[in-house]
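*Asks:* Its first residue numbered 45, the sequence shown is counted upward by one per residue in this note's numbering.
Yeah, the Cβ is synthetic: ideal placement off N, Cα and C, and Gly gets one too.
Keep in mind the model is a prediction, meaning the values are calculated, not measured.
This structure is in C-alpha cells; I'll ask about it shortly.
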Amino acid sequence: SFITSYDVSDITDIKELGRFQSHPGSDVIAHNTYWLNNYLINAYYRDGVVIVDATFPDNMIEVGYYDTSPFEPAGMFNGCWGVDPYLPSGTIIASDIEEGLFILEPDYHRAAYLEGSITDEINGGAVVGAKVEIMATSDFTTSVFTGDFKTGTGEEGIYDVRISKAGCYTKIYPDIPLIAEEKYILEASLACTLIVSAEDMVQELFIEVFPNVFQTNTAIKFQLPASYQHAVIQLYDIGGNKLDTYPVTHSYGEIRIGDALESGIYFIQLINDEGLFVTTRVIKS
C-alpha cells in the first residue's frame, strides 16, 4: 500500500501531492505512520521500520530501513505493526508481531533529490511513461503526462541515471551528483521512433471510456495481461496536473469517474509498473 501526502490548505479542494511505497510491486502494507521533523517513521508490516524524508511532500524518499520481519515482502499482516519515535533519547522502539520488541538507533539524514523533464528528440513533445532509474540503487520513478519526473535517493553520491521507454532508445546520463538536501534538475531527452512497439503495447494495455463526452460521470473499462499485477489509472487536467489515482487490482474491470469534476478536458492514463501506458481524452460538458 501507499503512504500519500495531500495539500489540505483549502479543505474544500484537497489535492494529492505524492505517494511513497516500500518495495514497489510487493503489495507490502503500511500500518502506522508517525511524523517527526519532516520525517515519516512507518511500521510497514513485513518490511519492518521504514523512514521517509518528507521534506518535499510531492517527492518522498526512503532514507532509512530496518527489516524486523523474516518474511518476504507481501500484502499480508505479519511483521512490524507499531513504532514509537518520540522518546527523549531519539531511540525508536518497534513492535513486531512474530519477532517481538526492537530498540533501534536511527540515522536521520536528508535525501538527495532528482527532478526534471523528458522530451522527445524527434518532435519535441513530452515523453510520458518513461522509466527514470538511479543506477546502483533501487530508486526509480516514471514520467507523468507533462514529461516531468521526481525521485531521489537516501544516499548522496555520484550516480548514472538511466531513462528508458518502449519504442525509445535508452539513454544513460553519467556522473550525476546527487547531494543531500539539494535538488539536481535533469532536462533529459529520448529519441523515440515513429513506429513504436506500441502496437504490441496496445494489445497488452487497453482502456476504453464511454461516453468520452459526458455531463455527470463516465465509465472507464480497462484490460491488461495477468502478468502485470500492478498498474494504476491516473486522471490529469489539461494543464498536466494529476488529479487522482485509481489502483488497478485486477487484470480487467471498470470504474466510474467524473461526478466531482468541473467542465473541461481531461486525460486518463493506464500505466503499468514497467512504464508502459495508454492515454485517452475525455470531455465533461
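Grab the span of the beta strand (DSSP E) containing Lys-194 for me, first residue to last.
*Replies:* Per DSSP, Lys-194 belongs to the beta strand (DSSP E) from 192-197.
*Asks:* Would you please state the rounded distance, in angstroms, between the beta carbons of Asp-151 and Gly-108? I believe it to be under 8 Å.
*Replies:* Yes, Asp-151 and Gly-108 are in contact; Cβ-Cβ is about 6 Å, under 8 Å.
*Asks:* In the DSSP assignment, find the beta strand (DSSP E) that holds Cys-124 and state where it starts and stops.
*Replies:* Cys-124 -> beta strand (DSSP E) spans 124-128.
*Asks:* Report the residue from Thr-195, Glu-298, Thr-260 and Arg-325 whose alpha carbon sits nearest the alpha carbon of Gly-284.
*Replies:* It is Arg-325.
*Asks:* Excluding sequence positions up to five away, which residues of its chain have a Cβ less than 6 Å from the Cβ of Lys-265?
*Replies:* If we look at Lys-265 and ignore the five residues flanking it on each side, its Cβ neighbours are Glu-252 and Glu-298.
*Asks:* Mind reading off the beta-carbon distance from Gly-196 to Ile-85? Whole number of angstroms is fine, and I expect it under 8 Å.
*Replies:* Not really, about 18 Å apart at Cβ, beyond 8 Å.
*Asks:* What does DSSP give as the partner residues of Asn-167 in its beta bridges?
*Replies:* Partner(s): none; Asn-167 has no beta bridge.
*Asks:* Taking only the alpha-carbon atoms, compute the straight-line gap between Gln-278 and Trp-79 and give it to the nearest angstrom.
*Replies:* Taking the straight line from one Cα to the other gives about 27 Å.
*Asks:* Buried or exposed: which applies to Ile-282, given that a residue is buried once 16 or more other Cβ atoms fall within 10 Å of its Cβ?
*Replies:* Label assigned to Ile-282: exposed.
*Asks:* Could you name the residues of the same chain whose beta carbon sits closer than 6 Å to that of Ile-239, not counting the 5 residues immediately before and after it, in chain order?
*Replies:* Bear in mind that a pLDDT of 45 at Ile-239, under 50, signals an unreliable position, so the model cannot answer this.
*Asks:* How long is the line joining the alpha carbons of Val-171 and Pro-68, rounded to whole angstroms?
*Replies:* Approximately 22 Å between the Cα atoms of the pair.
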